[in-house]
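Down below is the structure, laid out as structure tokens.
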Amino acid sequence: MVQIVQQGEGNGAAAAFGILLAMMANLGAATNVLGFDAGSLWIEVLTGGPGRPHMMARQLIALPNLLLPTWLSGIVVGIWTGEWTLVLLVSMLAISIALNVLTFGMVASALAPAPLPDWDNPFGNRQSNEGRGLRLVIIALVGMISVTVLSAPILILIFRSFGNWWLWLLPLAALVYASVPFGLASMWVGRYLRGKEPDLIEILAPEQ
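In this text, residue positions in the sequence shown follow numbering that gives the first Met the number 0: the first is 0, and each later residue adds one.
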């Protein structure tokens, strides 16, 4: 980010929108929500999960991990470039972009769950981690493409609305838009996981 704003004048807008990239650093927090605390998954199964409300709750818990780095990056960019108005606009848009990240994360968590103990390093010891490093790489690439596709209508509308009075209404409209695929994904995941609880426990529960 510092390199972007150091390249000269005229890069303030690029740096302001570049803060959205900060949330990609924590993409993993949203793409394997069943893998965290997998040892207690059986308790969730006994209470009727993991279903739609459980998956939505797990995803929303990851929201601060996506937004805080973005907003902190925005403060740095604002101080460096003085583009506080644009940084504020992008920071508001970050909520809907983060919701798109959670939409992809919900689907990825259901389709490709993996056990993730607290001490686990997915890129180390390839035999013990059973290719989890490759899983992360693939999910990261697919995730960036998916989030870009989901977010493209938002960004296109923003860019075409500069100078118009309704520009500051678009973050709210973007949030409504992003809520639609998030809701659809949660309904699909709820149905997809139904009946797969024994398989999930077998995959995710750590060895005793």
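Here a beta-carbon is modelled for each residue, glycine too, at the ideal position from N, C-alpha and C. Being a predicted model, the structure only gives us computed values, none of them experimental.
- The DSSP-derived three-state label of R193 is coil.
- Taking the C-beta atoms as reference points, A173 is found no nearer than 7 Å to L65.
- Look at the stretch 51-123 and you find these whole runs of alpha helix (DSSP H), each 4 residues long or longer: 51-60, 62-80 and 83-110.
- Around the beta-carbon of R190, fewer than 16 other beta-carbon atoms lie within 10 Å, marking it exposed.
- In the structure shown, V32 adopts coil according to DSSP, grouped into three states.
- In this structure the stretch 72-83 does not touch the stretch 145-160; the number of beta carbon pairs closer than 8 Å is below three.
- When only Cα atoms are considered, R193 and L133 end up about 27 Å apart.
- Remark: three or more beta-carbon pairs, one from each stretch, lie closer than 8 Å, so the stretch 12-32 and the stretch 84-98 are flagged as touching.
- The Cβ atoms of M105 and V188 sit closer than 7 Å to each other.
- Within the model, the alpha-carbon separation for F181 versus A97 is close to 11 Å.
- Of N99, T46, N163 and A139, the smallest CA-CA separation from L62 is found for N99.
- Shortest Cα-Cα distance from M22 to any of M143, G162 and N163 involves M143.
- C-alpha of A111 to C-alpha of N31: approximately 8 Å in a straight line.
- Secondary structure note for I42: its alpha helix (DSSP H) is the uninterrupted segment L40 to L45.
- Scanning W164, S160, L166 and A107 for the CA closest to the CA of I137 turns up A107.
- Burial is judged here by how many other beta carbons sit within 10 angstroms of a residue's own beta carbon; P114 has at least 16 and is buried.
- Taking all protein chains shown into account, T84 has fewer than 16 neighbouring C-beta atoms within 10 Å of its C-beta and is therefore exposed.
- If the five residues before and after L203 are omitted, its C-beta is found closer than 7 Å to the C-beta atoms of L33, G34, A37, L40, P112 and P114, all from its own chain and listed in chain order.
- With at least 16 other beta carbons inside 10 angstroms of its own, M54 counts as buried.
- Annotated three-state conformation of F181 is helix, per DSSP.
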